[in-house]
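Anchor point for the sequence shown: position 34 equals 34 in full-length UniProt numbering, and the numbering is continuous, going up by one each time. C-beta: ideal position from N, C-alpha, C; glycine also. In what follows, a structure is listed as structure tokens, so that the remarks can point back to it.
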Amino acid sequence: MSHTDIADTQAAIANTRDKLVNGLRSSINDAEQWLEDSADEVSVTASDARARFDDTLRTAISDLRKLEDSILAHSREAADSVDTFVHDNPWKAITIGATAGLLLGVLISRK
């Protein structure tokens with residue numbers, strides 16, 4: 001897998017995460033708006049208010065589950081991409097690992 005494919009996967013992960021987080025924020029904003037509306041409107045019955053809140057809460061939970069599933073799926077895809085890269089380019093992978101180890105060793109020894 002090329003660097004472009006890895007970058008595309010990372011961009012897709014970020015895009016999906018942003019969409020789901022925005023959906024969750026929208027659900028939370030709806031819940032906050034409901035609280036403000038219910039404070040101003042005495043005519044809203046308790047059962048109607050509870051139903052609206054339950055719907056908003058279910059939406060938020062659903063969005064969180066979608067976010068979790070998306071992150072897991074993209075993490076697996078990224079891991080598969082790295083695995084393919086390592087198998088296709090073992091010497092590059094060894095060089096990258098050795099360089100990272102060397103840099104980490106230098107950083108740790110300076111402290």
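request  = Leaving aside the five residues before and after residue 66 along the sequence, list all residues of the same chain whose C-beta is less than 6 Å from its C-beta, in chain order.
outcome  = For residue 66, the CB contacts under 6 Å within the same chain, skipping 5 residues up- and downstream, are 20 in chain order.
task = Within the same chain, show all residues whose beta-carbon is closer than 8 Å to that of residue 34, passing over the 5 residues directly before and after it, in chain order.
result = Hits under 8 Å: 49, 52, 53, 56.
request  = Kindly indicate the opening and closing residues of the alpha helix (DSSP H) around residue 99.
outcome  = For residue 99, the enclosing alpha helix (DSSP H) starts and ends at 90-109.
inquiry  = Quick check: the stretch 7-21 against the stretch 73-89, are at least 3 beta-carbon pairs closer than 8 Å?
reply    = The stretch 73-89 is in contact with the stretch 7-21.
Among 45, 62, 59, 74, nearest to residue 14 - alpha-carbon criterion = Shortest Cα-Cα distance from residue 14 to any of 45, 62, 59, 74 involves 74.
message = Let me make sure I understand the geometry here. Which of 62, 45, 109, 70 has the alpha-carbon closest to that of residue 27?
response = Measuring from the Cα of residue 27, the nearest candidate turns out to be 62.
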